[in-house]
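Below is one structure, written out as structure tokens, with a few remarks after it.
Quick look at the structure:
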């Protein structure tokens, strides 16, 4: 699958333990990735470089970039937190 930054609200790319999640106004990066000094590390580095290059190209192609975008709204799960019984 080709990762197309900013084109939808559902696609994601996983490289090792790293996830890039697509949104219309942002690409969110979660997790961690070890770039080991071996062929697997080289492949992971290339995959990451391609994904980030796609993000850069999409941003450079945008004609009306704002200075910043608003933070995403809080997720419902975060708002419905259970009180900590220990403090």
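Residue numbers (the UniProt record's numbering): 1 to 87. Quick reminder that beta carbons are idealized off the backbone N, C-alpha and C, glycines included.
Only counting the same chain, and skipping five residues up and downstream in sequence, which positions put a Cβ closer than 6 angstroms to that of residue i?
i	result
residue 13	3, 20, 51
residue 48	15
residue 29	20
residue 11	22
Do residue i and residue j have their C-beta atoms within less than 8 angstroms of each other?
i	j	result
residue 26	residue 69	yes
residue 5	residue 58	yes
Short of 7 angstroms in beta carbon distance, which residues of its chain neighbour residue i, apart from the five on each side in sequence? Order them along the chain.
i	result
residue 31	17, 18, 19
residue 61	none
residue 45	35
Return the bridge partner residues of residue i from the DSSP annotation.
i	result
residue 84	Partner(s): none; residue 84 has no beta bridge.
residue 28	21
residue 14	19
Pick out whichever of the options has its Cα sitting closest to the Cα of residue i.
i	options	result
residue 65	73, 24, 86	24
Near residue i, what residues of its chain come up, given a Cβ to Cβ distance below 8 angstroms and the 5 sequence neighbours on each side ignored?
i	result
residue 9	22, 23, 24
Alpha helix (DSSP H) runs wholly inside the segment 35 to 65, at least 4 long, in chain order: 39 to 61
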